[in-house]
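Chemist:
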Amino acid sequence: MLEPETSSSPATEFPPVEPTNFDMIIVGTGLQESIIAAAASTAGKSVLHLDPNPFYGSHFSSLSPSDLSSFLRSSPPYCSPSLLSDEYDAIPLSARPLYSDVEISPEELENCRRFCLDVSGPRVLFCADSAIELMLKSGVSHYLEFKSVDASLIYEAESGNLSSVPDSRAAIFKDRSLGLTEKTQLMKFFKLVQEHLEEENEGLISEEDMESPFVEFLTKMRLPKKIKSIILYSIALADYDQENAETGEDLLKTKDGINRLALYHSSIGRFNAQSAMLYPMYGQGELPQAFCRRAAVKGCIYVLRMPVAALLAEKGTGLYKGVKLKSGQDLLSSQLVIDPRFVVPPSLALSRRGASQESSQDPIPAAVKGKVARGICITRLSLKSDASNLLIVFPPRSLCPEQATSVRVLQLSGNVAVCPPGMFVTHLSTLCHDASQGKRLLTAAIDALFRDTMPGNSETSCSENPEDTSASESDNMKVHSSALLWTALYIQEITEGSVQTISSGPSPDGNLSYNDLIDVTKKMFQQLYPGQEFFPEKASSEDPEDKNSDGGCRGDNSSEKNSDGGDGGSGSGSGNGNGNSVGVYPEYL
Amino acid sequence: MHGRPRNPSKPEDEEASAAKASKLRALQSQFLHNHHSKLYDKGALELSAKLLEINPEFYTAWNYRKLAVEHCLSQPGSDPESILNEELRAVEGALRQNFKSYGAWYHRKWVLSKGHSSVDHEMRLLDKFQKADPRNFHAWNYRRFVAALKNISEEDELKYTTDMIERNFSNYSAWHNRSILLSNLLKRKAEVFPKEKILSEEYELVHQAIFTDPDDQSGWFYHLWLLEQTVTKDAPWLISCWPASGSELIISDSKSASSCTASPLSSYFSDGRVEMPVILYFNQAIKGVNTSTVTVRSVFAESKDLVWRPLSLSNFGSAQAWVAFLKFSEVKIDYSMSYEVEVSLGDSSGIVSLNGCPLTHAFQSKFMVRFQQPDSRNTDGQNIGSISWEDSNFQNYEGGPEQCNIIPPCIQLKMAKDHEPIASKWQVDILMNEIELFRELLSAADCKIGKLTLARLLTALDTLMLYNDTSNSCQMRHTEEILALYTDLMKLDPSHSQYYREEHSLTFLRQVSCSKENLLRYCWLYRNSALSDSRNLVCLRLNNLSLARVGSIENLLWVQMLDLSHNELRSIEGLEAMQLLSCLNLSNNKIKSFTALDPLRHLKSLKVLNISQNEIGKHSVDTTRYLCSSPLSHTEASDWRRSGLCSTDDAQLSKYWEAFLVFRDLTLVQLGITGNKVVNEDFRSFLLKILPTLERLDDTNL
């Protein structure tokens with residue numbers, strides 16, 4: 001086992017890794033890779049987990065503004081063609097940029113290291129979602145602490161106001177912006193869904209309705225426009241405009257809509273949380289770290305700051321054999337899982353496991369699925385005076401007529417220790433076809449949120465006019481109220497994963513939750529190790545002994561919270577302490 | 001805590017509980033030994049604490065601990081603080097086992113009343129319990145106790161209920177506590193808590209709950225409380241009296257001829273009696289009507305000689321209706337003269353409601369009394385005792401010249417007109433707003449309790465408007481809608497249909513009695529054609545109307561002849577105030593016992609009674625009996641043996657004591673009783689004994 005060095009040392013000083021032959025080598029400590037590492041280790045596989053970065057989490061890490069800037073702008077890792085191997089063909093591992101159009105202003109920020117910014121935010125956990133279930137099942141929840149996202153708001157285009165989302169019985173009761181009749185209608189709908197989900201009432205909603213678009217079903221239930229919008233975009237979290245969908249694929253089916261509603265409702269009140277959503281203390285980067293810790297407990301070996309220089313292929317056959325580290329060491333494994341940013345050279349296409357079954361010659365990773373525009377703001381003022389962590393949804397067409405996708409915003413406060421007390425970190429994201437479209441929407445949302453007065457020109461700011469290019473965007477950025485201290489906008493490619501001898505998970509998706517990522521990861525594991533259980537049930541009961549072995553596991557540095565920003569931890573200590581932290585434990589009541 | 005299904009016990013559970021029981025038995029016997037030998041040492045106390053932790057319901061152990069505390073406190077050099085702390089700990093242990101243990105909560109109150117424990121500590125404990133189960137009414141009770149003991153402001157407690165309701169509004173306890181706190185605040189701090197403003201805010205709050213989930217009943221109950229706060233006035237007032245103020249009353253004997261010029265509604269057939277009733281009818285039960293609080297000035301009698309009697313079925317000296325009899329036997333009557341009678345009350349504060357509020361308005365009434373000279377031609381004619389209820393004997397009472405003379409029966413309702421209006425604008429506004437909202441709700445959701453609430457709101461509004469209405473065309477505007485709602489509810493909610501039926505009847509009777517025009521439709525002239533009877537009797541015929549209850553008595557005080565046959569009456573409660581009633585037809589109803597006829601005891605003028613075709617004696621178990629006087633109940637037993645009728649067959653008496661209680665004070669001339677299961681030869685003979693005045697029993701002239 002090897003401890004990641006704390007001081008930056010020249011690459012040449014890498015001590016050798018022992019042993020040199022593994023069942024699986026994983027490159028990149030993103031969430032999926034970390035889960036695979038933990039699951040494979042739990043299944044008794046020998047696993048080596050590498051990361052070229054000095055921190056855990058890769059695309060799911062939480063970084064300081066300066067680290068984030070360099071992470072987003074980093075060029076593909078250095079590969080020396082001179083690293084040749086006698087035994088094997090060394091094929092350089094090329095990377096491609098996942099992030100583009102990075103725009104950060106200002107470049108410098110005071111107390112920079114006291115911030116933990118999520119690379120793939122905004123993202124939360126629903127109390128009853130599969131991510132939470134996985135953490136409970138794997139015992140990872142013991143390493144984490146959560147806080148509630150205490151408010152969910154929706155932007156109303158007509159009034160330009162943020163109004164709270166009546167997502168539960170109690171919230172409907174408290175909400176004074178809904179009319180009395182609207183309350184009855186909304187609650188009646190929630191009850192219908194709940195009754196439908198009870199086993200004895202199967203078929204309460206007809207099969208035909210279940211297959212129809214959710215928006216049509218809501219119309220059929222005679223719900224008013226405002227309530228439809230709340231259900232579609234704030235509760236079912238639909239990405240695309242459901243009323244004027246461009247393609248049928250963007251439409252949410254009633255079946256899925258109801259499942260999302262059910263997830264939301266079963267999340268409310270679980271773990272004594274104040275709302276349906278949770279956010280991990282110290283940022284999203286804690287999640288991959290926790291899985292790595294789990295993996296380490298099960299014997300996985302960790303080496304950070306260790307780029308892979310090349311892949312090793314069997315001479316002649318071209319079959320994958322192992323990796324050559326930047327330190328020059330050759331390590332062998334039967335499986336390789338790589339970070340989605342790497343591209344496996346087509347010359348290794350033969351290495352595809354079960355090549356006979358699949359004739360596809362796609363390079364790895366598979367095609368880009370789309371783009372997500374992400375934004376991060378640091379502010380001095382909360383968007384809602386009585387709430388610290390909150391979710392805001394701008395439904396499609398609410399910012400401008402061209403807006404076809406929801407823009408989701410997550411404000412985080414000092415009480416989740418991602419910033420000093422009194423400051424706020426706001427994450428935004430929206431799906432987009434091209435960079436300028438996505439950034440226009442984010443800029444419009446930022447305008448709507450942080451301008452002292454609602455901008456009259458917000459509609460033009462995101463219009464498709466070609467004149468309205470980045471020049472006017474940066475103009476807009478200057479207009480923002482003084483509360484806005486720092487802004488980052490960037491575009492991330494969404495790629496699909498693939499499973500072969502060399503596998504790769506998908507890049508972070510544009511969702512608010514981790515659910516799809518977890519599902520894909522689980523499938524990936526089952527393809528990698530057919531017949532192996534993905535975290536056997538008893539895992540969590542083994543914990544007491546695991547805890548004892550924790551001390552001996554020196555490769556795992558996640559016990560020091562916030563390892564990359566040493567002072568972040570102390571900053572959290574003096575956090576405003578608003579809101580109790582939520583422990584996620586199996587329910588025994 | 002709530003909604004947990006009861007699972008059948010498994011064998012291993014049963015074993016465990018058997019083991020627990022044997023352990024408990026051992027502890028218990030040891031404890032009882034300690035208790036009996038008055039052992040209060042440390043070991044004995046620990047044993048009792050252990051016992052209570054397992055079984056917090058063991059009251060003897062709590063009592064033992066109280067004795068032990070008293071004992072320890074009385075020891076020289078004792079440390080009250082630690083002794084009481086130990087008690088609080090014992091209670092907490094027991095509450096952990098069962099947080100709904102009456103004994104444990106009570107013990108804690110007892111310890112606190114000894115002057116111990118900090119508010120903070122108690123509040124923390126309560127927060128814990130109320131978090132675990134926000135609807136735990138024990139905790140809420142205890143909270144009120146602590147709040148009162150430690151002078152925690154009611155405003156703070158009110159805020160707490162708001163928080164709890166916002167967390168989950170399905171919480172009767174929280175709403176209930178709110179109603180208690182607000183009642184106090186409205187009373188004590190009326191300046192900071194103006195009723196009008198507070199009530200509309202509360203309506204606003206409860207709407208959120210009701211409209212969010214109309215199927216949840218907790219909000220509806222709070223709404224009911226609000227409605228009560230909106231319409232009820234603490235202070236009582238007089239709503240009706242007989243004779244009406246300003247009226248001229250003609251008193252005639254039963255043998256008087258039809259030639260009398262006065263309207264039948266303003267005449268009184270004294271039927272040989274030498275007295276007339278004066279009836280006062282209030283909006284609620286009151287006490288304190290006596291010769292010092294009510295002054296009656298007339299030539300007939302001195303005010304102080306009058307005896308005011310409450311007309312109530314209970315014996316608590318309170319009633320809605322009060323009567324005094326004005327005797328004119330001592331005066332030499334001049335038939336050509338009108339005598340003035342003046343009744344006034346409310347000048348002194350003796351008349352108070354049951355919760356101590358004095359009368360709002362003073363009242364003064366003057367009426368004239370004239371006597372009709374007995375008609376010599378008719379002296380040997382039939383007396384009142386031969387009444388036949390056949391339809392052919394009734395003529396529709398319309399178009400007669402007398403009609404214009406009829407005293408509008410509702411004139412009394414408006415006597416507050418000269419004073420401040422009884423209903424304020426805000427009350428009417430609130431009710432109108434509520435009605436509009438609930439109509440809207442019902443159009444969106446089918447909801448039984450919503451319909452009931454709407455019916456109640458409409459009734460309240462109609463009643464309020466009636467008091468405010470200064471025109472003479474008073475009408476209950478929403479009668480049709482209310483009746484439709486109750487009809488609907490009878491179908492929707494069959495298990496409570498009797499209640500809806502009764503409300504339906506009361507609504508209908510309010511409509512019938514609220515104006516002269518409406519009443520006239522039910523007034524008939526009685527003329528027995530077979531007997532060429534020429535008497536001028538007016539009968540109020542409310543027969544065949546499916547009535548399940550009688551009401552609006554305040555408008556019917558003048559009625560002397562009443563037909564309630566062919567209805568669904570099970571009780572005749574309220575009829576006791578109709579002091580002028582001499583002929584009453586209750587045949588073909590659902591009266592199940594003589595006890596249900598208890599109100600008749602008060603009707604001293606009653607001569608003709610028909611209770612045939614009822615269900616008296618049909619049901620062996622009479623549920624009303626538990627609520628009514630029995631020969632064994634102390635109030636009745638006192639005069640039970642005094643009665644001269646004790647000489648009758650004791651066996652019969654004990655068999656028919658219920659009938660005896662109803663009939664013994666009546667001087668019935670005619671009684672119809674056939675068609676009841678109780679009737680047989682034995683019973684008839686008993687009736688003849690206790691009703692010596694009887695001239696006709698069913699179809700038999702005696």
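Sequence lines, in order, name chains P and A. No gaps in the numbering here: position 501 of the first sequence is 501 in the UniProt record's numbering, and each next residue is one more. No gaps in the numbering here: position 383 of the second sequence is 383 in the UniProt record's numbering, and each next residue is one more. Virtual Cβ for every residue (Gly too), placed ideally from N, Cα, C. None of the values given here were measured: they were computed from a predicted structure.
For A/VAL289 and A/ASP234, what's the separation of their Cα atoms in angstroms?
Modeler: Cα to Cα, A/VAL289 sits roughly 18 angstroms from A/ASP234.
Chemist: Is the Cβ of A/PRO5 closer than 8 angstroms to any Cβ of chain P?
Modeler: Not one chain P Cβ lies under 8 angstroms of A/PRO5.
Chemist: If you measure from the beta carbon of A/PRO214 to each beta carbon in chain P, is any gap under 8 angstroms?
Modeler: By this cut-off, A/PRO214 is an interface position.
Chemist: Chain P partners of A/ARG178, CB-CB under 7 angstroms?
Modeler: Under the 7 angstroms cutoff, chain P gives no residues; its nearest Cβ is about 14 angstroms from A/ARG178.
Chemist: Interface residues of chain P around A/LEU207 at Cβ under 7 angstroms?
Modeler: The sequence shown places His at residue 207 of chain A, rather than the Leu named in the question. Residues of chain P passing the Cβ test: LEU180.
Chemist: Closer than 9 angstroms between beta carbons: that is the criterion. Which residues of the segment 184 to 200 of chain P meet it against chain A?
Modeler: Cβ contacts with chain A come from THR184, GLN185, LEU186, MET187, LYS188, LYS191.
Chemist: Can you name, in chain order, every residue of its own chain whose Cβ lies under 6 angstroms from the Cβ of A/GLU342, other than the five neighbours on each side?
Modeler: Counting only Cβ-Cβ distances below 6 angstroms, and skipping sequence neighbours, we find ARG297, LYS366.
Chemist: Any Cβ of chain P within less than 8 angstroms of the Cβ of A/ARG96?
Modeler: It does not; no Cβ of chain P falls within 8 angstroms.
Chemist: Between A/MET561, A/LEU182, A/TYR526, A/SER173, which has its C-alpha nearest A/ASP156's C-alpha?
Modeler: Ranking A/MET561, A/LEU182, A/TYR526, A/SER173 by Cα distance to A/ASP156 puts A/LEU182 first.
Chemist: Taking Cβ positions, are A/LYS100 and A/ASN141 nearer each other than 8 angstroms?
Modeler: Their beta carbons are not under 8 angstroms apart, which means A/LYS100 does not touch A/ASN141 by this criterion.
Chemist: Using a threshold of 8 angstroms, state whether the C-beta atoms of P/LEU412 and P/VAL425 are closer than that.
Modeler: Yes; because the gap between Cβ atoms is below 8 angstroms, this pair is in contact.
Chemist: Can you list, in chain order, the stretches of the alpha helix (DSSP H) that have 4 or more residues and sit fully within the segment 34 to 98 of chain A?
Modeler: Segments of the alpha helix (DSSP H) lying fully in the segment 34 to 98 of chain A: 42 to 54, 59 to 74, 80 to 97.
Chemist: Looking at P/PHE115: is its Cβ nearer than 8 angstroms to the Cβ of P/ILE378?
Modeler: For P/PHE115 and P/ILE378, yes; Cβs fall inside 8 angstroms.
Chemist: Three Cβ pairs or more, each shorter than 8 angstroms: is that satisfied between the segment 123 to 130 of chain P and the segment 268 to 283 of chain P?
Modeler: Cβ pair count under 8 angstroms is three or more, so yes.
Chemist: As an exercise, report each continuous beta strand (DSSP E) stretch of at least 3 residues that is fully enclosed by the segment 59 to 120 of chain P, in chain order.
Modeler: Correct list: 88 to 92, 99 to 105.
Chemist: Measure the Cβ-Cβ separation of A/ALA285 and A/LEU205 and say whether it is below 8 angstroms.
Modeler: Their beta carbons are not under 8 angstroms apart, which means A/ALA285 does not touch A/LEU205 by this criterion.
Chemist: Determine the direct distance from the alpha carbon of P/THR29 to that of P/ASP339, and round the result to whole angstroms.
Modeler: Their Cα atoms are separated by approximately 8 angstroms.
Chemist: Just the chain D side, please: which residues come within less than 8 angstroms of P/LYS174 by C-beta, in chain order?
Modeler: Going by chain labels, chain D is absent from the structure shown, which instead holds the protein chains P and A.
Chemist: Under 8 angstroms, with one C-beta from each stretch per pair, do the segment 384 to 393 of chain P and the segment 96 to 105 of chain P reach the 3-pair mark?
Modeler: No: the two stretches stay apart, fewer than three of their Cβ pairs being nearer than 8 angstroms.
Chemist: Does P/GLN532 come out as helix, strand or coil in the three-state DSSP assignment?
Modeler: In this structure, P/GLN532 counts as coil in the three-state DSSP scheme.
Chemist: Tell me where the beta strand (DSSP E) around A/LEU562 begins and ends.
Modeler: Here the beta strand (DSSP E) through A/LEU562 covers 561 to 563.
Chemist: Do we get a CB-CB distance below 8 angstroms when we pair P/ARG270 with the residues of chain A?
Modeler: It does not: the Cβ of P/ARG270 has no partner Cβ on chain A nearer than 8 angstroms.
Chemist: Would you identify the three-state DSSP class for P/TRP486, choosing helix, strand or coil?
Modeler: Correct three-state label for P/TRP486: strand.
Chemist: Beta-carbon of P/THR20 versus every beta-carbon of chain A: anything under 8 angstroms?
Modeler: Chain A contact via Cβ: absent.
Chemist: Can the beta-carbon of P/ALA295 be found less than 8 angstroms from the beta-carbon of P/SER34?
Modeler: Yes; because the gap between Cβ atoms is below 8 angstroms, this pair is in contact.
Chemist: Go through the segment 538 to 617 of chain A residue by residue and report every complete run of the beta strand (DSSP E) that reaches 3 residues or more, in order.
Modeler: Taking only runs of at least 3 residues, the beta strand (DSSP E) segments lying wholly in the segment 538 to 617 of chain A are 561 to 563, 583 to 585, 608 to 610.
Chemist: Taking contact to mean 3 or more Cβ pairs, one atom from each stretch, closer than 8 angstroms, check whether the segment 326 to 340 of chain A and the segment 299 to 313 of chain A are in contact.
Modeler: In short, these stretches touch, since the Cβ pair count reaches three.
Chemist: Got a sec, what are the start and stop residues for the alpha helix (DSSP H) A/TYR106 sits in?
Modeler: Segment 102 to 113, the alpha helix (DSSP H) holding A/TYR106.
Chemist: So what does DSSP say about P/LEU304, is it helix, strand or coil?
Modeler: Here P/LEU304 sits in coil by DSSP.
Chemist: Is the beta carbon of P/LEU331 less than 8 angstroms from the beta carbon of P/LEU48?
Modeler: Against a cut-off of 8 angstroms, the Cβ pair of P/LEU48 and P/LEU331 comes out as a contact.
Chemist: Would you mind listing the alpha helix (DSSP H) stretches within the segment 150 to 197 of chain P that are 4+ residues and don't spill past its ends, in chain order?
Modeler: Counting whole runs of 4 or more residues, the segment 150 to 197 of chain P contains the alpha helix (DSSP H) stretches 169 to 174, 180 to 197.
Chemist: Sort out for me which residues DSSP pairs A/ALA319 with in a bridge.
Modeler: Bridge partners of A/ALA319: A/ILE286.
Chemist: Around the C-beta of P/ALA309, are 16 or more other C-beta atoms found within 10 angstroms, so that it is buried, or is it exposed?
Modeler: Burial call: buried.
Chemist: Is the Cβ of A/GLU202 closer than 8 angstroms to any Cβ of chain P?
Modeler: False, the Cβ-Cβ gap to chain P never drops below 8 angstroms.
Chemist: With H, G and I counted as helix, E and B as strand and the rest as coil, what does DSSP make of P/TYR240?
Modeler: Strand, per DSSP.
Chemist: Measuring only between beta-carbons, confirm whether A/ALA174 sits less than 8 angstroms from chain P.
Modeler: No, because no Cβ of chain P sits closer than 8 angstroms to the Cβ of A/ALA174.
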